[in-house]
Amino acid sequence: MTDGIAEVSADFRILGPLEVRAGGLRLEPRGRQVRSLLAALLIDAPEPVTESRLLTRVWGPEGGTTAALRTAASRLRSWLHHHTGTEAAVRFAPGGYRLDVPPDQVDAHRFRARAAVALDQEDPVSALAGGLALWRGNVLADASEWLRGDPAALQLDRERLACASALADLALGAGRAAEALATVEAVAVQFPYDEAIQARLLGLLGACGRRAEALRLFESIRRRLADDLGVDPSPPLREAHLDLLRDPPPGDPSPRSALPPADPAAHAPCLLPPDIADFTGRERETADLSRILLASEGTAVPVAAVSGRGGVGKTALVVHVGHRLRDRFPDGQLYVSLRGSGCEPLDPSDVLARFLRALGAAPADIPANLEERAERFRCLLTHRRLLVIVDDAADAAQIEPLLPGVASCGVLVTARRRLTPLAGAQEVRLDVLDPEPAVELLARIVGGERVAAEAGTAYELAALAGHLPLALRVAGARLAAKEHWSVSRLTTRLADERHRLDELAFGQLDVRASLARTYGCLEPAPRRLLHALSLLEVRKFSSWVAAALLGCFPACAEDVLEQLVDVHLLDVDGAADGGPPRYRIPELVRIYARERSAADGARENGAEGIESAS
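For what it's worth, full-length UniProt numbering labels the leading residue of the sequence shown as 1, then goes sequentially.
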């Protein structure tokens, strides 16, 4: 402890926009000069930086004053101490200052450490890719031009290019081009005039069977070099182009790349809702969905199905992924909410009419029945690369007429129920957030410094919200609307479970209403069991408990339990040593079920079952 402030591990990130994280929170240094000084010190940390160089990095070629530098250093020292508990992290050094921070807390040092030993690893392709995964953009992408152009920053960029080039060469030689493609492509986008990395990207695309896409990319590079620099492609770039024009590499070409470019005059609708500015976490799920949609093999359309309880963030995730992949589906992105969790789900025939209009079909050309509309829809997509997002589906039957017929398209589906009957779909199950991203989401809504000031209480609040994104958004919105409230005040109000669901409502955001939509679709037996379980004092239980509560055989009780699992009102904690599974009722579900137990007059029946179970 230091002056009552617990020391926590900070993470400093300069491989992209400047970021500082501590205790799971993203922190924002106050003031441009303090932020710039932190960035200027981090480039060389923990080595010292001369005063003259710091003045240029922070204030530009004209430079600032020594007094201004001392003031900024003092403010930065105080800011770091307040948020990380580290004393005097900014220290005087001969002729300047240095940032006294462990190297493993700076992403640039972690990248260099990984790159230095990557070629000696058993799997150098994965090792290089892991190091490059630390990059989020160019060095200090949001800093001033003189800081981005500092020799130390440019050196890091060169090391990134060298690492990406080595990755491409190794992956091509090992027949693992697909593993390196996305990583090298991200670097190539950041360095559009580096012909060496562009040539390697062409080679990777060709090796992945995406020759047509690679040829279009070469033409785009050639025009850029001519228009912007007045030069022709370099010999390595021309050689990569010639390789593409020769016989294609062995293996089946990707259906997505074999398509001709879409007609520029054709409709390319984007019906996606706006992406969420404070989208947080879900890196693994985002990567899984992208992999499913882009790794098209054979002739089947790739379908990714996201399932999870209400309020877990399914819609936010698929919309976020849809925006990330817009350039990979250039002929349009269709979106519809099927309202499957409500009482009036949309008719697939009406959805197809909407899609056909979005794709340019005249109302008079839209067939009258479902089957012909589905055929017309598939025909329009025959030569397109288009993404279809079907949100909040009730079941597979509601989705199937909306599926494209070609592998060049992709489909993202969300549902509260698992969609295992949907043929060919690859499932991604979405759970609540882990504690750190849950608090980070809260901080992004409320403000990082406000949450950081009560970091421990923020974790408690997130737990009371069940780490459920919808509940966290409600809590964050309430705190943002009431700037005079502390985090602890709302946490105290949430601690009373009798009123917790009342507290978790704000405008159209309502956790109780979200749970009610799932509850309303239950059959009588699962409802009765949920009521009884909500009255138990234990949180984990086996199927024999459910059998006692229902007064039925264990096999029948397991069927009822699985109905609740399928709609994510119960969690499965897994089986120990191959034994039967144990089930768990989430806290917010338990509170809601207890409310409904009383409202539906089921408390007496539930109490009788509990007595027989105990």
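Note that the Cβ used here is the ideal one computed from N, Cα and C, for glycine as well. Model, not experiment: these values are computed from the prediction.
**OP:** Leaving aside the five residues before and after C163 along the sequence, list all residues of the same chain whose C-beta is less than 7 Å from its C-beta, in chain order.
**Re:** Taking the first residue of the sequence shown as 1, we reach residue 163 at position 163. Beyond the five residues adjoining it in sequence on each side, C163 comes within less than 7 Å, by CB distance, of A115, L128, G131, L132 in the same chain, given in chain order.
Original post:
From what residue to what residue does the beta strand (DSSP E) around S514 run?
Top reply: Counting from 1 along the sequence shown, the entry for residue 514 is found at position 514. For S514, there is no enclosing beta strand (DSSP E); the enclosing alpha helix (DSSP H) has its first and last residue at 511–519.
Subject >> Rounded C-alpha distance that separates V545 from T518 >> reply: Mapped onto the sequence shown, residue 545 falls at position 545. Mapped onto the sequence shown, residue 518 falls at position 518. One C-alpha to the other measures close to 23 Å.
Original post:
What's the C-alpha gap between R57 and L38?
Top reply: Sequence index remark: in the sequence shown, residue 57 carries index 57 (1-based). Sequence index remark: in the sequence shown, residue 38 carries index 38 (1-based). The straight-line gap from Cα to Cα measures roughly 10 Å.
Original post:
Going straight from the alpha carbon of L380 to that of E239, what length do you get?
Top reply: Here the question's residue 380 lines up with position 380 in the sequence shown. Here the question's residue 239 lines up with position 239 in the sequence shown. Approximately 37 Å between the Cα atoms of the pair.
Original post:
In terms of residue numbering, what span does the beta strand (DSSP E) encompassing G414 cover?
Top reply: Within the sequence shown, residue 414 is the residue found at index 414, counting from 1. The question names Gly, but residue 414 in the sequence shown is Thr. Counting along the chain, the beta strand (DSSP E) containing T414 begins and ends at 410–415.
**OP:** Any chance you could list the alpha helix (DSSP H) runs of at least 4 consecutive residues sitting entirely within the region 261–341, in chain order?
**Re:** As for any alpha helix (DSSP H) of minimum length 4 sitting wholly inside the region 261–341, the runs are 283–294, 314–324, ordered along the chain.
**OP:** May I ask you to list the residues that DSSP assigns as paired with F553?
**Re:** Locating residue 553 in the sequence shown gives position 553, where the first residue counts as 1. Partner(s): none; F553 has no beta bridge.
Subject >> Beta-carbon separation (whole angstroms), Q398 vs L356, contact threshold 8 Å >> reply: Here residue 398 is taken as the residue at index 398 of the sequence shown, counted from 1. Here residue 356 is taken as the residue at index 356 of the sequence shown, counted from 1. About 18 Å; that fails the 8 Å criterion.
**OP:** Could you check what DSSP says for P348 in three-state terms: helix, strand or coil?
**Re:** Counting from one through the sequence shown, the residue named residue 348 turns up at place 348. Assignment of P348 by DSSP, reduced to helix, strand and coil, places it in the helix class.
Original post:
Whole-angstrom Cβ separation of L441 and L472, contact assumed at under 8 Å?
Top reply: Your numbering for residue 441 matches position 441 in the sequence shown. Your numbering for residue 472 matches position 472 in the sequence shown. Right, the Cβ-Cβ distance comes to about 5 Å (below 8 Å), so this counts as a contact.
Original post:
Could you check where the beta strand (DSSP E) with L167 kicks off and where it finishes?
Top reply: On the sequence shown, position 167 is the one that residue 167 refers to. Where L167 is concerned, there is no enclosing beta strand (DSSP E), although the alpha helix (DSSP H) it sits in stretches over 151–173.
**OP:** Select from V20, A118, L237, L154 the residue whose C-alpha is nearest the C-alpha of V106.
**Re:** In the sequence shown, counting from the first residue as 1, residue 106 sits at position 106. Taking V106 as reference, the option from V20, A118, L237, L154 with the minimal CA-CA separation is V20.
**OP:** Just tell me which of A361, D391, L41 has its CA closest to the CA of R378.
**Re:** As a first step, residue 378 is located in the sequence shown; it is residue number 378 there, counting from the start. For the set A361, D391, L41, the Cα lying nearest the Cα of R378 is the one of A361.
**OP:** Could you tell me the boundaries of the beta strand (DSSP E) in which R216 lies?
**Re:** If you number the sequence shown from 1, residue 216 lands on position 216. Note, R216: premise wrong, no beta strand (DSSP E); alpha helix (DSSP H) at 211–224.
Original post:
So, is C343 buried or exposed, given that buried needs 16 or more other C-beta atoms within 10 angstroms?
Top reply: Here residue 343 refers to the residue found at position 343 of the sequence shown. Within 10 angstroms of the beta-carbon of C343 lie fewer than 16 other beta-carbons, which makes it exposed.
**OP:** Mark T66 as exposed unless 16 or more other C-beta atoms lie within 10 angstroms of its C-beta, in which case mark it buried.
**Re:** The sequence position of residue 66 within the sequence shown is 66, counting from 1. By the neighbour-count rule (16 or more Cβ atoms within 10 Å), T66 is not buried but exposed.
Original post:
For R594, which residues from the same chain have a beta carbon less than 7 Å from its beta carbon, with the 5 sequence-adjacent residues on both sides left out?
Top reply: The count along the sequence shown starts at 1 and reaches residue 594 at position 594. Correct list, in chain order: S534, L535.
Subject >> Whole-angstrom C-beta distance between A407 and residue 620, which should lie under 8 Å >> reply: Because the chain spans 1 through 614 in this model, residue 620 falls outside it and cannot be assessed.
**OP:** Check the C-beta distance from A153 over to I276 and give it rounded, since I have them as a contact under 8 Å.
**Re:** Position 153 of the sequence shown holds residue 153. Position 276 of the sequence shown holds residue 276. Not a contact, Cβ separation roughly 31 Å.
Original post:
To which residues of the same chain is R282 closer than 6 Å at the C-beta, ignoring the five residues directly before and after it?
Top reply: Sequence index remark: in the sequence shown, residue 282 carries index 282 (1-based). Sequence-distant partners of R282 (beyond 5 residues in either direction) whose C-beta falls short of 6 Å from its own C-beta, in its chain, are L317.
Original post:
Of the residues S514, R328, F506, which one's Cα is nearest the Cα of R210?
Top reply: Numbered from 1 along the sequence shown, position 210 holds the residue referred to as residue 210. Closest in C-alpha terms to R210, from the list S514, R328, F506, comes R328.
Original post:
How big is the Cα-Cα spacing for D566 and L201?
Top reply: Sequence index remark: in the sequence shown, residue 566 carries index 566 (1-based). Sequence index remark: in the sequence shown, residue 201 carries index 201 (1-based). The straight-line gap from Cα to Cα measures roughly 43 Å.
Original post:
E372: buried (16+ other C-beta within 10 angstroms of its C-beta) or exposed?
Top reply: Translated into positions along the sequence shown, residue 372 becomes position 372. Exposed, by the Cβ-count rule.
**OP:** Please check the pair V272 and V319, which I expect to be a contact at CB under 8 Å, by giving their CB distance rounded to whole angstroms.
**Re:** If you number the sequence shown from 1, residue 272 lands on position 272. If you number the sequence shown from 1, residue 319 lands on position 319. Val is not the amino acid found at residue 272; the sequence shown has Leu there. Between V319 and L272 the Cβ distance is about 6 Å, and since that is below 8 Å, they are a contact.
Original post:
Hey, how far is the Cα of R176 from the Cα of V125?
Top reply: The residue labelled residue 176 in the question sits at position 176 within the sequence shown. The residue labelled residue 125 in the question sits at position 125 within the sequence shown. Near 8 Å, if we compare the C-alpha coordinates of V125 and R176.
**OP:** Give the DSSP-derived three-state secondary structure of Q198 in the structure shown.
**Re:** The residue given as residue 198 occupies position 198 in the sequence shown. DSSP, reduced to helix, strand and coil, places Q198 within a helical segment of the structure shown.
Subject >> Contact check, L501 vs V487, beta carbons under 8 Å >> reply: Sequence index remark: in the sequence shown, residue 501 carries index 501 (1-based). Sequence index remark: in the sequence shown, residue 487 carries index 487 (1-based). In this structure, V487 does not lie closer than 8 Å to L501 by Cβ.
Original post:
From what residue to what residue does the alpha helix (DSSP H) around D391 run?
Top reply: Here residue 391 refers to the residue found at position 391 when the sequence shown is read from its first residue. Unbroken run through D391 is the beta strand (DSSP E), 387–393; no alpha helix (DSSP H).
Original post:
Is L472 helix, strand or coil when you go by DSSP?
Top reply: Taking the first residue of the sequence shown as 1, we reach residue 472 at position 472. Correct three-state label for L472: helix.
Original post:
In terms of DSSP beta bridges, what is D571 paired with?
Top reply: Here residue 571 is taken as the residue at index 571 of the sequence shown, counted from 1. Answer by DSSP bridge pairing, in chain order: R584.
Original post:
CB-CB under 7 Å to A374, same chain, minus the five flanking residues each way: which ones, in chain order?
Top reply: For the purposes of this step, residue 374 is taken as the residue at position 374 of the sequence shown. Excluding five sequence positions before and after A374, the CB atoms of its chain that fall closer than 7 Å to its own CB belong to L352, P401, given in chain order.
**OP:** State yes or no: is the C-beta of L41 within less than 8 Å of the C-beta of L134?
**Re:** As a working mapping, residue 41 is identified with position 41 in the sequence shown. As a working mapping, residue 134 is identified with position 134 in the sequence shown. A distance of 8 Å or more separates the beta carbons of L41 and L134.
Original post:
What number of angstroms, rounded off, separates the C-alpha of N369 from the C-alpha of A394?
Top reply: One-based indexing of the sequence shown puts residue 369 at position 369. One-based indexing of the sequence shown puts residue 394 at position 394. Roughly 21 Å between the two C-alpha positions.
**OP:** Would you mind listing the alpha helix (DSSP H) stretches within the region 41–112 that are 4+ residues and don't spill past its ends, in chain order?
**Re:** Listed in chain order, the complete alpha helix (DSSP H) runs (minimum 4 residues) inside the region 41–112 are 51–59, 66–84.
Subject >> N-terminal and C-terminal residue of the beta strand (DSSP E) that A22 is part of >> reply: Translated into the one-based positions of the sequence shown, residue 22 becomes position 22. Unbroken beta strand (DSSP E) run through A22: 19–22.
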